[in-house]
Structures are given as structure tokens and as C-alpha cells.
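Input: a single structure, listed below in C-alpha cells.
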Amino acid sequence: MGTLLTVARREFAGYFATPVAAIFLIIFLALASAFTFFVGYFLERGNADLQSFFMFHPWLYLFMAPALSMRLWAEERRQGTIELFLTLPIPVWAAVLGKFLAAWLFLGLALALTFPMWITVNVLGEPDNGVILASYLGSFLMAGGYVAIGSCLSAATKNQVIAFVVTVTVCFLMTAGGAGFVTDLISEFMSDDALKTVAGLSVLPHFNQIVKGVIDARDVVYFLALMAAWLLATMVVVDSKKAG
Amino acid sequence: MADMIVADQLVKSFGAKRAVDDVSLQVRRGEVLGFLGPNGAGKSTTMKMLTGFLKPTSGRAEIMGFDVAVDPMSARRRLGYLPEGAPLYPDMTPWSLLHFCGRTRGTSGSELRRKVYASIARTNLESVVAQPIETLSKGFKRRVGLAQALLHDPDVLILDEPTDGLDPNQKHEVRELIREIAPEKAIIISTHILEEVDAICSRAVIIADGKVIADGAPGELAQRSEIFNAVAVMLSKDVAERARAALQPLDAVKDIRAMSQADGQAKLIIAPKDGAMILNTVAGALADAGVDVISVRPEASALDDLFRHLTLNGEAA
Chain V
7 MGTLLTVARR EFAGYFATPV AAIFLIIFLA LASAFTFFVG YFLERGNADL
57 QSFFMFHPWL YLFMAPALSM RLWAEERRQG TIELFLTLPI PVWAAVLGKF
107 LAAWLFLGLA LALTFPMWIT VNVLGEPDNG VILASYLGSF LMAGGYVAIG
157 SCLSAATKNQ VIAFVVTVTV CFLMTAGGAG FVTDLISEFM SDDALKTVAG
207 LSVLPHFNQI VKGVIDARDV VYFLALMAAW LLATMVVVDS KKAG
Chain U
66 MADMIVADQL VKSFGAKRAV DDVSLQVRRG EVLGFLGPNG AGKSTTMKML
116 TGFLKPTSGR AEIMGFDVAV DPMSARRRLG YLPEGAPLYP DMTPWSLLHF
166 CGRTRGTSGS ELRRKVYASI ARTNLESVVA QPIETLSKGF KRRVGLAQAL
216 LHDPDVLILD EPTDGLDPNQ KHEVRELIRE IAPEKAIIIS THILEEVDAI
266 CSRAVIIADG KVIADGAPGE LAQRSEIFNA VAVMLSKDVA ERARAALQPL
316 DAVKDIRAMS QADGQAKLII APKDGAMILN TVAGALADAG VDVISVRPEA
366 SALDDLFRHL TLNGEAA
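Protein chains in written order, with my numbering: chain V, 7 to 250; chain U, 66 to 382.
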């Protein structure tokens, strides 16, 4: 447990040692607001809720989460520091989980910094703050899923660009599987059951449920399982690379 | 515990190439093992397997009795490792890096602070502790790597080229440091500086093409060289042939090698029969023949010669 926090702490502080943290946070907040106001018509809709804010989060994370996760392992490999890191007495699970937690919490920080949206909507009207809280939770869980995918793919390469591109692609497939334009397309040649399976594996329907204010255990379990599966895969990849 | 580091028939294959081929070693407390070999001979790969960073294709490694594959955490806690090239996190300062390493080893609070200070003092890092590592010179980086390896005062040290990139003064300091801590520890260092082996190692292992081809005390290994106890004569090129003529007939002389030097000088290396001491004989013969020489002294490069002899032969085979 101690080593887990030590790893997470070093990794988290690492974002702030360079301009990465500042640039990431600014761009994240700018994009989140731009989507909300210009694409989601937050003001024009006239509803006191944050639907038009949260509905773009899957697409926002699609690029922002891989940008954070790509360095987790690939950079260690490229710099050779992985040899220092993996010969310290840190169990593989603590190494993988610690790095993941740092990136996830950093994305959580970015998400928390969107609080002016919440203040704005409370000033303008009387929103259901329970739904908003649930949506923040759902958004945070979804971010964790994307970072876990990115962690695994970062461990598989020493090239951060490859890690980024492959992660975006996988996250896109995970997201788009449940998006309307894809389900419409595959419903042409797939049975309803197959369609449900594909859509059920996607993050979108689960996220959309939570954003509606319905916190179903199944949706929470889905995100936790998504993270667990990809983190286990990360451990396998990190360990198998030792075989050279 | 007798053997603190054990390599038991380690083999590492990368595809069809056997980078390490059946290497076995044991290192005891107080021993400093110098790992020698040409670049690409398998030194670093062997060390990576000893630390558990690489999994051997076959064979096993032990640190303080703990199999690095079976109980890696126990092995790593007792190990200080300086990887090849001393990789370090460029954004961190030596201060924060040492604290990080210390925390992963379960120390905290005042004990951690004390260890970090001790480690910084030992490696003379005081002036740069607060600078990002990426801004440091190669010599300082290497010393940060050493500080990290020494931080927890481990029983076993595995140092891959600890003096690479250091200037002569820094090399001297690091050798002094290793000599100072050696009696309490089992140490493996890799190097291709042979004088370093003479200076600090109690044992030398020469490896070529992944195989151990010599293993013994540096003095013992040197005896296997053809120029063990040889005498080096520096003289003007003009008189080299006269000197050779005077020395060749001597009973004690087995072989004479001539080497051209700068400034119109030549160097003769006179190898003795059966490793006999022939300095006086040679000096006397030269004086009797009236050959003017610049210097006559013992030739110290026997280990160097053996290394070249063994490793070049290996390549030809």
C-alpha cells in the first residue's frame, strides 16, 4: 500500500514538473466549455441542467485521456528509467495501479476544475444537483476506463505517439460501439442480440444512464470491470516484457 | 551466508542469438567482482538477470539467498543497482529522486532524511541536489545513480559501469568509495577499464560472446598473460635493433615485441620465460652493450594483454 502511494505521488507530481499540467488543464477546460456552449447550446436550450456539458465528455476524453496515459509506461521505456523503476522493491500491481491512479486523479482534477459550470447553472436556475453529482461521478468513472486502456497500450510500446494513436483508436471503438450512428449502421446486418452485445460493451449507454441521474449498480460495475480488466492486462504486458 | 550473489547457469537468448550462454558465478561478502568483456559480450544482460529485470531463458539468480524470480521483493530490498547508462527521471531533482527511492524501500520521516543526507554526502552531490537531473553533467548523473544504489546501505551492489563518464578525479573518488564499503558487501561492477580491475577488484571475470572465459584474482589472471612480469624499455628508434640484439640471446628472455612510439621513440616489451623477474638482467645487459635507453620499468599491462588475447581469439573462433 505504501509503495502504491509513493508511485502515485511521484507520477502525479511529474505532471506538474513540466508545463504539461498547465497546458492540459487549460485545454481541457477550454474544450469542455466550448463544446457546452457552442455545440451543446447550453444557454439556448434554457434548461437548468448540465446535459449539454456532460454529453460531450466521452468525445472529450477520447483525446484527452490518451494524451495523459501515453507517457505512463512508454516514456519509462524510452528513457530507460523502467530499469530503475522495476528493480526497486515495488510489486507489479503497485507499479501499475500507482501510475494509473496518478493519471486518473489528474483527469479527476481537470474534471473538478469545471465547477464554474455547476455554479453557473445554479445561478441561472434550479437544477437537480443530485443528477449533476451522479453525472460527475459517471464522467470520472468513464475517465478511469479510458486511462486504464491507455495504460495498457502505453506499456506495450516505447513510442508515445504509437501509444496515443492506438489508444485513441481503441477508445473510439469502445465509445462508438454504442453511438447512434454506429448502432444504426450495424443494425442493418446484425441481429438485435448481437447489437445489444456490441452496444453493451460500449461506454456510451452506461454513461448516458448515469447522466440521466440513474445510478444503476450494473453501470458502475461495468466501469469498474473495464478498469480492472485493462489494468490486469497492463500487469501482464509489463511482466511479459521482462522476458525480453 | 557464504554466497551473497549467485548466478546458476544463466542463459538468455534473443531470437537465435545467445546473448548470455551458461554463466555461473558466486560472490561472497567482501568480494568485489570485476566483470570484464568487450561491448556486447553479455555483461549488462547478465546483470539485468541478476537484478530480476530480465527473465533468463534458463537458469536462476539469487541475491542473499532469495531467488529473484520466486521472491523478487526480498531480493530487491537487499540490492542496490546502478543500471547501464544510469537512467534517471530527468524532471526530478536528485533530492526528490532519492526520497522517492527511499520511500519505495519503506523508509520515511527522519530516517529517510538521514539516509538521503548520508547518500548525498558520500557521492558529493551537495551542490546539485535541487537541480533537475536533466540539467546535470554526465558525471553528476552517474553519481546520482550511485547515490540511489547506496541509499539503503544494501548488502549487495550491482553496478554497471559505475565510473563511465567520470573525470579522473571523480573516478578516483568512486573507486575509493567502493573500496571503503567493500568489506561489508558483495559487489559486482562491470567495466572495460582494466586498471580499474587492478585497483579495486578482488576477482576478475572475463566474458566474451556470452561465455565466461576467465575467472580469478586479477594477479592470477595476469600470470596467464605472455607478458606477465615483462619489462618495458623505452628508447630511441635508432638504437632499438642494437638493444634487441643484446637481449635476444639471454636465457631468461622468451620474446621481444617492438612498438613504435611518438617522437622517434620505440618501446620494447621483453617477456620473460616462466614469468621470471628479469628487470635487473635486462637493465644489466643493456648497460653492458652500451645501449642508451630512456627508461626501463616493469610492464603493467599483462591483464590488458590477456583480455585482448582471450576476447579476440573468441571472435575468430
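Glycine included, every Cβ here is placed at the ideal spot set by N, Cα and C.
- Residues of the same chain with a CB within less than 7 angstroms of the CB of residue 206 of chain U, apart from the 5 flanking positions on each side, are 151, 153, 198 in chain order.
- Along the stretch 110-126 of chain U, the positions whose C-beta sits under 8 angstroms from a C-beta of chain V are 113, 116, 117, 118, 119, 120, read in chain order.
- Think of a sphere of 7 angstroms around the beta carbon of residue 169 of chain U: the chain V residues whose beta carbon falls inside it are 9, 12, 94, 95, 96, in chain order.
- Chain-order list of chain V residues neighbouring residue 165 of chain U: 12, 16, by C-beta distance under 7 angstroms.
- Look at residue 9 of chain V here: in three-state DSSP terms it is helix.
- Under the DSSP assignment, residue 244 of chain U falls in the alpha helix (DSSP H) whose first and last residues are 233-246.
- Taking a 10 Å sphere around the C-beta of residue 180 of chain V, we find 16 or more other C-beta atoms and assign the residue as buried.
- Excluding sequence positions up to five before and after residue 208 of chain V, its CB lies within less than 8 angstroms of the CB of 180, 181, 182, 183, 184, 185, all in the same chain and listed in chain order.
- Taking 9 angstroms as the CB threshold, residue 161 of chain U lines the interface with chain V.
- Residue 138 of chain U belongs to the set of residues whose beta carbon lies under 9 angstroms from a beta carbon in chain V.
- Here residue 119 of chain U really is in contact with residue 248 of chain V; their C-beta atoms are around 6 angstroms apart, less than 8 angstroms.
- An exposed status is given to residue 52 of chain V, since fewer than 16 other beta-carbon atoms sit within 10 Å of its beta-carbon.
- Comparing alpha carbon positions, the residue from U:90, U:117, U:299, U:179 closest to residue 69 of chain U is U:90.
- Residues of the stretch 71-93 of chain V with a C-beta less than 7 angstroms from any C-beta of chain U: 85, 86, 87, 89, 90, 92, 93, listed in chain order.
- Along the length of the stretch 132-174 of chain V, whole beta strand (DSSP E) runs at least 3 residues long do not occur.
- A buried status is given to residue 213 of chain U, since no fewer than 16 other beta-carbon atoms sit within 10 Å of its beta-carbon.
- Close CB contacts of residue 307 of chain U within its chain, under the 6 angstroms cut and outside five residues either way in sequence, are with 356 (chain order).
- Listed in chain order, the non-local C-beta contacts of residue 338 of chain U below 8 angstroms within the same chain comprise 316, 317, 318, 319, local neighbours out to five positions each way being set aside.
- If you ignore the 5 residues before and after residue 262 of chain U, its C-beta comes within less than 6 angstroms of the C-beta of 99, 269, 283, all in its own chain and listed in chain order.
- In the structure shown, residue 92 of chain U falls within a strand segment according to DSSP collapsed to helix, strand and coil.
- Non-local beta-carbon contacts of residue 326 of chain U in its own chain, meaning distances under 8 angstroms to residues more than five positions away in sequence, involve 299, 332 in chain order.
- In terms of CA proximity to residue 210 of chain V, V:187 leads the group V:187, V:193, V:119.
- Only those residues of the stretch 172-201 of chain V whose C-beta falls short of 8 angstroms from the nearest C-beta of chain U would be listed, and there are none.
- Listed along chain U, the residues sitting closer than 7 angstroms to residue 24 of chain V by beta-carbon distance are 156.
- Between the alpha carbons of residue 159 of chain V and residue 76 of chain V lies a gap of roughly 8 angstroms.
- In this structure residue 42 of chain V touches residue 123 of chain V by the C-beta definition: roughly 7 angstroms separates them, less than 8 angstroms.
- Classified as buried, residue 208 of chain U has 16 or more neighbouring CB atoms from the shown chains inside 10 Å of its CB.
- For residue 221 of chain V, there is no enclosing beta strand (DSSP E), as DSSP gives it neither H nor E.
- A distance below 7 angstroms between beta-carbons, with the five flanking residues on each side excluded, links residue 37 of chain V to the following residues of its chain, in chain order: 66.
- Proximity to residue 258 of chain U across U:236, U:247, U:243, U:246 peaks at U:236, based on C-alpha coordinates.
- The beta carbon of residue 144 of chain U lies closer than 6 angstroms to those of 128, 219, 221 in the same chain, with the five residues before and after it left out.
- Proximity to residue 347 of chain U across U:373, U:295, U:76 peaks at U:295, based on C-alpha coordinates.
- With its beta carbon at least 9 angstroms from every one in chain V, residue 74 of chain U lies outside the interface.
- Not a single C-beta of chain U is nearer than 9 angstroms to the C-beta of residue 108 of chain V.
- In its chain, beyond the 5 residues on either side, 271, 273, 278, 279 have a beta carbon closer than 7 angstroms to the beta carbon of residue 375 of chain U.
- Within the DSSP secondary-structure output, residue 280 of chain U pairs in a beta bridge with U:270.
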